[in-house]
Amino acid sequence: MLDELLATAAVVGTAGVVYIAAAARVVKQYERGVVLRLGRLRGGIRPPGFTMIIPGVDRLRKVNMQIVTMPVPAQDGITRDNVTVRVDAVIYFKVVDAADAVIQVEDYRFAVSQMAQTSLRSIIGKSDLDDLLSNREKLNQGLELMIDSPAMGWGVQIDRVEIKDVSLPETMKRSMARQAEADRERRARIINADAELQASKKLAEAAGVMSEQPAALQLRLLQTVVAVAAEKNSTLVLPFPVELLRFLERAQTQPGAPTVEQIPARPRPDEHRGDGHRDDEFVLDEPKDAKFRRDEAEDDEFPLDNPGASPLPGPD
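In structure tokens:
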């Protein structure tokens, strides 16, 4: 009798150990357990630690609650300003409701990946090229909202979305490089023009000071000669003051002397006008004394040098 009791106890103990071994489950700290009893959701979420289920009846699904880093494959698209680009991104998300992640969606990772690709392609078509290159923060926020809206029903929360790289065609890269070069050249010209303007103002002030003291101009000339001679050149360039040239020009021009432009031209006697008259009959703008001398010279009876002399003998 005692042997039968011992054998029964041993069998029950062995069965208990087997049952515990089959029913015992361990949920890690970063996981949550979802129990499905006969295909139906059972109670609440199993916390981390040791837990028991009914073998053959219950099924435990462990859901990772850590933040998942998922790369989004590069997507080809055309921007709003008709530029072909290739954009890839990375998405950070985590499960906030383990039951919805198991019940509401078949594979939440695959669902989030497909939604990220679709949203990325949509955001490319709604944006300009300049926004993709320089305004990525705004695009990241818009992309996050587009993915997070359907993901909340799956028990998934989108933590962050970042656009990694924007690939452009080679022709577009060269065009952008030329544009940047032209912009830098424009800014350089503006800076040079501003420097010339400031320098001209300072030079004007210096010229005003030197005009008050002529000796300052000579001292400046000597300083220039010293600076040029310090270069050890075989040829010395000596600046010549412009004021000295103007002084010589004024000295050559005597006051009251008629210039070439002021003396009227007299036509030749053999030239005729178109109306039958001779051009020597009309002398325009001729001084009075010149006309008087010409009349006396044409009169062969009175020489121009001695009006009181006797008439010259005529030809035989």
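So that you can map any letter, position 203 of the sequence shown is 308 in the numbering used here, and since no number is skipped, the others follow by simple counting.
Note that CB positions come from ideal geometry on N, CA and C, so glycine has one too.
Only a predicted model underlies this, so the values are computations on that prediction, with no experimental measurement involved.
When the Cα atoms are used, R164 and D205 turn out to be separated by approximately 16 Å.
The beta carbons of V162 and R151 sit no closer together than 9 Å. The C-beta distance from I252 to V266 rounds to 6 Å, short enough to meet the 8 Å contact threshold. Counting only residues of its own chain and dropping the five nearest sequence neighbours on each side, K269 has a CB closer than 7 Å to the CB of D193, A194 and V195. Bounds of the beta strand (DSSP E) holding M175 are V173 to I183. Straight through space, the alpha carbons of I296 and I172 are spaced by roughly 52 Å. Out of E249, V217 and I208, the CA that lies nearest to the CA of G144 is found in I208. For the 9 Å CB-CB criterion, M175 and R214 form a contact. Here the C-alpha atom of S232 lies approximately 6 Å from the C-alpha atom of T184. Inclusion of M170 and V201 in the CB contact set at 9 Å is warranted, their separation being smaller than that value. Between the segment 243-250 and the segment 217-234 there are three or more C-beta pairs closer than 8 Å, enough to call the two in contact. By a beta-carbon distance limit of 8 Å, V177 does not contact A216. Their separation comes to about 13 Å. Here DSSP, grouped into helix, strand and coil, assigns T223 to helix. Judged by DSSP in its simplified three-state form, M277 adopts helix. The straight-line gap separating the alpha-carbon atoms of F198 and E249 is approximately 10 Å.
Secondary structure of M257 (DSSP, three-state): helix.
A Cβ-Cβ distance of about 37 Å is found for the pair D181 and R166, leaving them out of contact under the 8 Å criterion.
Secondary structure at I125: helix, using DSSP grouped into helix, strand and coil. In the structure shown, M315 falls within a helical segment according to DSSP collapsed to helix, strand and coil. A straight line joining the alpha-carbon of T358 with that of L350 spans about 13 Å. In terms of Cβ geometry, V131 and F155 form a close pair [threshold 9 Å]. Burial check for S224: the Cβ neighbour count within 10 Å reaches 16 or more, so the residue is buried. DSSP, reduced to helix, strand and coil, places T189 within a strand of the structure shown. If you look at L141, you'll find it in the beta strand (DSSP E) that goes E136 to R142. V210 sits in coil when the DSSP states are folded into three classes, being neither helix nor strand. Excluding residues up to 5 positions away in sequence, V271 lie with their Cβ nearer than 6 Å to the Cβ of L237 in the same chain.
The alpha carbon of Q134 has as its nearest neighbour, out of Y124, R289 and P153, the alpha carbon of P153.
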